[in-house]
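**Q** Before we start, here is the structure in question, set down as structure tokens.
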Amino acid sequence: MAEEKTGSIFSKLKGGAEPAPAPRQSAPPPPPARPAQPAGAPPPPLPMPDFRSAALEAELRALRGELEELKNRPAPPPAAPPPQPGSGEDFAFRLERAEKMVTELRQRAAASDEALRAEAAKAVSKDEIKNIDLKVTDLAATFDSLSRNYAGEGELAARLEKAEVSLSGLKTALEGQQRKVRAELDTLAPRATADELRVNLAAALAALDEIKLNYGQYSDELSGVAAECRKALGEAQGLARAAAQGGVAGRFDEHLKDAVARANTRLSELETAMHAGFSELSAKLSSSEVLYNKMFSAAEERLAKSLEPRLKDMDGQLRWLRENLIRLSDDYTVVAERKMRALEAKYAAFEAISRRMDAIDAALKKGGRIGLP
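Residue numbers (the numbering used here): 5 to 377.
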């Protein structure tokens, strides 16, 4: 932001006014004065910030007008008394302090975000990282909007105190979020397993580096022996040409035999060293392969052992749920049958009562005697 690069706009007020102040511009009318509160009375409730665009524009215009008034004020005397609470300088100092706290909080949030990215890159999925990043961005945007929505010199002091309380709450919430993410990382990938895998991988990499170093040394030795062999062969060929031209072949037979013997000896030593080096290299590669197989087998076994209790628990829960469903269906069938039987019995009783009432009615109409059935 432009304000972060050039400093706070209120920090310029501490250094005095400009030598040639600009002409005063028409400022919007000041906010209405609040009635004086009696001593001991509780402070009036603070208005809730309105985040609508119209209210934000009105507050920004009022704040710009107050800034123009503060800029056009004359320079203070050299021995000025300390700023009184609620004055423009005190407001500028407190607002600058709040901006520093917001900047520090952003830096801490960025550092914690980078640390969380580095830790979560091993076990946390990209969606969770994006969600955490979006939450941190939303929190920063919320506090940016709060810092822009402060308007009114009388209300700014109370709002700044509220912002400081909100900043402390944000720090607490951020620390809790970090602890929650670390706990999720610990549950997803145990640190003991990860540390053991890192140690084994470091040992394997060190062994591979040692193999590469030994291979380079063997290559250098092979190059030196080959150069010596070429040199001895060249000397022997030169002596052979000189002997053929001068007719003194018998004089250099012994020298040629010694040179060939030395060359054969060096070639034998070179072949032995190469075989030994390649054997050692093959053994180290085989041991590294066995080590990697053990590492991955152990990791698979640990994963299977860690997931086996959960799978068994889920299987047991499904079995218990199936049994309960069967039992509930049987109970429901029994209850439904009993209700049907009770309804049939009630219906039969109602029919008997109806027939008895019809018989009584017929007997009363005939004037006869009502007898029991």
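Ideal Cβ placement from N, Cα and C applies to all residues, glycine included.
Do you know offhand how far A96's Cα is from S310's?
**A** Cα to Cα, A96 sits roughly 59 Å from S310.
**Q** Tell me which residues share the same chain as L274 and place their Cβ nearer than 6 Å to its Cβ, disregarding the 5 neighbours each side in the sequence.
**A** Excluding positions up to five away in sequence, the list reads V229.
**Q** In angstroms, rounded to a whole number, what distance separates the CA positions of R98 and E118?
**A** 30 Å
**Q** How would you label A367, buried or exposed, when you count the other beta carbons within 10 angstroms and need 16 or more for buried?
**A** A residue is called buried once 16 or more other Cβ atoms fall within 10 Å of its Cβ, and A367, having fewer, is exposed.
**Q** How about A267 and C233: do their beta carbons lie closer than 8 Å?
**A** yes
**Q** Is the beta carbon of S272 sitting closer than 8 Å to the one on A211?
**A** no
**Q** Would a C-beta distance cut-off of 8 Å place L285 and I215 closer than the cut-off?
**A** yes
**Q** Rounded to whole angstroms, what's the CA-CA distance from E61 to G69? Just pull it up for me.
**A** 12 Å
**Q** Report yes if the C-beta distance between N218 and G320 is below 8 Å; otherwise report no.
**A** No, the Cβ-Cβ distance between N218 and G320 is not below 8 Å.
**Q** With a threshold of 16 other CB atoms inside 10 Å of the CB of V106, please say whether the residue is buried or exposed.
**A** Buried, by the Cβ-count rule.
**Q** For P34, which residues of its own chain have a beta-carbon under 7 Å away from its beta-carbon, when the five flanking residues on both sides are left out?
**A** Summary for P34: the model assigns pLDDT 49, below 50, so the residue's position carries little reliability; its value from the coordinates is reported in the next sentence. Hits under 7 Å: none found.
**Q** Run the CB neighbour count on A353, radius 10 Å, all protein chains shown included, and call it buried at 16 or more, exposed below.
**A** exposed
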